[in-house]
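A short worksheet on the structure shown next.
There are 2 protein chains.
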Amino acid sequence: MKKEKATIHDIARKLNITASTVSRALKDHPRISAETKKAVQKTAQKLNYQPNHIAAALRNGKSKIIGIIVPTADRSFFSSVVRGIEEIANGSQYNVMICQTYDNYEKEVATVEALLNARVDGVIASHGKETQNFDHFLKIKERGIPLILFDRSNDELEVSSVVIDDFLGAYKATEHLIQQGCRRIAHFTNTRKISIFKERLRGYREALLDNKLPYDETLVIESNLQLEDGRSSTEQLLKLRERPDGIFSASALSIVGALQVLKENNIAVPDQVALVGFSNETYTSFTDPSLSTVEQHSMRIGNAAAEIFLEEVNADQKKFIPQKIVLKPELIIRQSSLRKK
Amino acid sequence: MKKEKATIHDIARKLNITASTVSRALKDHPRISAETKKAVQKTAQKLNYQPNHIAAALRNGKSKIIGIIVPTADRSFFSSVVRGIEEIANGSQYNVMICQTYDNYEKEVATVEALLNARVDGVIASHGKETQNFDHFLKIKERGIPLILFDRSNDELEVSSVVIDDFLGAYKATEHLIQQGCRRIAHFTNTRKISIFKERLRGYREALLDNKLPYDETLVIESNLQLEDGRSSTEQLLKLRERPDGIFSASALSIVGALQVLKENNIAVPDQVALVGFSNETYTSFTDPSLSTVEQHSMRIGNAAAEIFLEEVNADQKKFIPQKIVLKPELIIRQSSLRKK
DNA sequence: TTATATTGCGCAACCGATTACACATTATGT
DNA sequence: ACATAATGTGTAATCGGTTGCGCAATATAA
């Protein structure tokens, strides 16, 4: 039953020509006659020939595969980015190999190793939360393989990156809360020193100050930003003598936690406390009230990353200067922050 | 800057031995002396040697890559399955290549082609909703490459599969609604003739009949089971003279739509209408009330699929008989179906 | 008509690792 | 002491395409 896979040599034998001619014919080489090309194509069809990418990859030193490293594909944000990458990549005959690190540093290092051994032509990655040391990414760079970081990037690495303007997103979100009448706005941020969270914190702070509101550190709560963290952070806020009347969270999950706790305490959202999160995950529109959030245009992030990759592989090794693309986020206002006037 | 990648030949030259000895030393071949092995390992380290999997793949005819085909990774169910596969696969030095078809038939066919050309050692797949013709999967089988289907499987294909007992899941869900006092239970099912949906419908039907409740076709609504479909289906139900007092949906998204519409119409959930969905997606616990659902133990599905793959690759070509693993689902009861007695 | 281009295709090396087979050396058995 | 076995390493082919170089045949130019 197992069909013997045909090679170009099989085709060549059948036509009494050489494999090199077949190879050229299949690639539409200008020096091959039209008849030969037609004949080759016909027999290729007949023999059910499927090119062996591995052989080509070995010879060419390029696998036509882009490695993608994400913490998890199980999030609208990351899966949309992947989709955005695929859109562009497939158009240029590249396939993608998606790898999940589950935010685990060891797994991330192992993944880079695996992709390197698989000889991918490029890597598009967003590193995990644990990642402090970037030697594994450096290794990719040293190999001369294009590396593009997105969302969570690292400026010291001197590689191209695609990010959104986290500062702006946070600024808009906070400003919106202020416009809705909030005067004591809390902020959930991450304990780690990841730039996106630092930027979001900065945006929050600036918006407050620009609107003559005090920046109060007791209202800034650090955590891992998961659901449970959102819950406990909110409980912490409720214990304050002066409770906040708005929360802007740097994540999507933690604001869900906040909403849960507020409802359990019979605190009206958005009237007593208005909420805005970050990242337009599916579930943010399913809660009651639905959650306002910062949309990151993840598909476009993927598009941009893939485009940079294509530029880099096609550029001369040395000439390429790392570029940083910053996309503008958009505030999506839903019920959790829209007070009736 | 671009480090020249070292090969076994470089190591060999440095040690005045041949590449074959190096190759053997690295693979811990019994006929190589301990000293040589040590020396090889040391210089491999020094030269920062990374094995070229592509070369090995070409020679061995095995890439050590498992191709995974899913409609989308952006769902807890599929991403958990992938995780389950990775758990097992990584333990046996296999890497995975995740491909998304977005439920698009052409993309699915192209993906199979791509994986075949990439010479993956096996394919674990869940086909798209559009897929009626399975010739592309047949092609994998004909190549002698292990193919394991999960969730959405196809019995005619005669390949191994891992599924859950959809009948049982649906039966349990429906029975639970009956126990909660529901007497007119509606069901959302898919228009396509996909077996999982047929089985769920059957489970629903059996549970009704076993409990002496009539099976009423006007309460069974076919759609694509997306959010909007859930909304319109529910609106349709509300127009009935005799409204249902419970809904069991074969999908997670559509039951969210149902909840939305019921709330908009001030119908109490679960007291007036109780709801149960299928698939324990993240968001099902974030709605208000939270949604009861059928948990599919997706991680285990992935584990099982990967295990079958390993058995198949290690088995003699012909000896392997396709096996079908059926896992038991579990009913998760949340607020949307739990009536206070 | 002779010189130069162009066309069409073959030859053979190559990518990097793997492995059957061969061979020399040393160890073990009787 | 001699036959046999075990040990350690080298030789060379192989996986399937790709491509620089070369050569002959035909076409174009001068």
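Going down the list, the sequences are from chains A and B.
Residues are numbered in my numbering as their position in the first sequence, beginning at 1, plus a constant of 32.
Residues are numbered in my numbering as their position in the second sequence, beginning at 1, plus a constant of 32.
Quick reminder that beta carbons are idealized off the backbone N, C-alpha and C, glycines included.
It should be emphasised that the depicted structure is a prediction, and the values quoted were computed from it without experimental measurement.
In the DSSP assignment, what are the bridge partners of residue i?
| i | result |
| --- | --- |
| A/Leu307 | A/Ile279 |
| B/Gly160 | The partner list for B/Gly160 (beta bridge, DSSP) is empty, contrary to what the question assumes. |
| B/Asn222 | B/Ser255 |
| B/Lys356 | B/Ser193 |
| A/Gly154 | A/Ile98 |
| B/Ile217 | B/Gly278 |
Looking at C-alpha atoms only, which residue of the options is the closest neighbour of residue i?
| i | options | result |
| --- | --- | --- |
| A/Gln164 | A/Gly213, A/Asn136, A/Val301, A/Thr39 | A/Asn136 |
| B/Leu269 | B/Val293, B/Asn256, B/Gln82, B/Val152 | B/Val293 |
| A/Thr223 | A/Leu272, A/Glu162, A/Thr319, A/Ser192 | A/Glu162 |
| A/Tyr247 | A/Lys230, A/Ile217, A/Arg115 | A/Ile217 |
| A/Ala89 | A/Ile228, A/Asn149, A/Glu188 | A/Asn149 |
| A/Ile40 | A/Leu363, A/Phe341, A/Tyr81 | A/Tyr81 |
| B/Gly289 | B/Gly309, B/Arg234, B/Leu240 | B/Gly309 |
| B/Glu267 | B/Arg56, B/Lys295, B/Pro321, B/Ala146 | B/Lys295 |
| A/Tyr315 | B/Ser55, B/Ile43, B/Ala44, B/Arg107 | B/Arg107 |
| A/Glu249 | A/Glu207, A/Val141, A/Arg234 | A/Arg234 |
| B/Val128 | B/Lys139, B/Glu140, B/Arg115, B/Glu138 | B/Arg115 |
| A/Arg45 | A/Glu140, A/Asn297, A/Lys271, A/Leu79 | A/Leu79 |
Are the CB atoms of residue i and residue j nearer to each other than 8 Å?
| i | j | result |
| --- | --- | --- |
| B/Ala306 | B/Gly278 | yes |
| B/Thr325 | B/Asn335 | no |
| A/Lys96 | A/Gln125 | yes |
| B/Ile117 | B/Ile101 | no |
| A/Ser317 | A/Arg366 | yes |
| A/Ala105 | B/Ser111 | yes |
| B/Leu179 | B/Val155 | yes |
| A/His159 | A/Arg175 | no |
| A/Thr50 | A/Thr68 | no |
| A/Ser286 | A/Leu259 | yes |
| A/Ile253 | A/Phe220 | yes |
| A/Val194 | A/Ser330 | no |
| A/Ser369 | A/Pro276 | no |
| A/Arg232 | A/Ala157 | no |
| A/Glu343 | A/Ile120 | no |
| B/Pro354 | B/Ser227 | no |
| B/Ile333 | B/Ile196 | yes |
| A/Ile130 | B/Ile357 | no |
| A/Leu323 | A/Leu291 | yes |
| A/Phe182 | A/Ala337 | yes |
| B/Pro103 | B/Thr143 | no |
| B/Tyr321 | B/Leu200 | The question names Tyr, but residue 321 of chain B is Pro in the sequence shown. No, these two residues do not count as a Cβ contact at 8 Å. |
| B/Glu190 | B/Ala239 | no |
| B/Ala58 | B/Ala38 | Note that residue 58 of chain B corresponds to Leu in the displayed sequence, not to Ala. Not closer than 8 Å, so no. |
Should residue i go down as buried or exposed, given a rule of 16 or more other Cβ atoms within 10 Å for buried?
| i | result |
| --- | --- |
| A/Ile86 | buried |
| A/Ser265 | buried |
| A/Gly213 | exposed |
| A/Asp198 | buried |
| B/Arg273 | exposed |
| B/Lys261 | The sequence shown places Asp at residue 261 of chain B, rather than the Lys named in the question. It counts as buried. |
| A/Lys34 | Here A/Lys34 scores only 49 on pLDDT, less than 50, and its place in the model is too uncertain to base an answer on. |
| B/Ala66 | exposed |
| B/Tyr203 | buried |
| A/His61 | exposed |
| B/Lys244 | exposed |
| A/Gly123 | exposed |
| B/Asn92 | exposed |
| A/Gln328 | buried |
| A/Val72 | buried |
| A/Lys372 | exposed |
| A/Asn48 | exposed |
| A/Arg63 | exposed |
| B/Glu140 | buried |
| A/Arg263 | buried |
Over the uninterrupted alpha helix (DSSP H) stretch that includes residue i, give me the two end residues.
| i | result |
| --- | --- |
| A/Glu190 | Per DSSP, A/Glu190 belongs to no alpha helix (DSSP H) and is neither H nor E. |
| A/Ile120 | 108-123 |
| B/Ile364 | Careful: B/Ile364 lies outside any alpha helix (DSSP H), inside the beta strand (DSSP E) at 362-364. |
| B/Ala205 | 198-211 |
For the beta strand (DSSP E) containing residue i, name the first residue and the last one.
| i | result |
| --- | --- |
| A/Leu179 | 179-182 |
| A/Gly99 | 97-102 |
| B/Ile130 | 127-132 |
| A/Glu327 | 324-327 |
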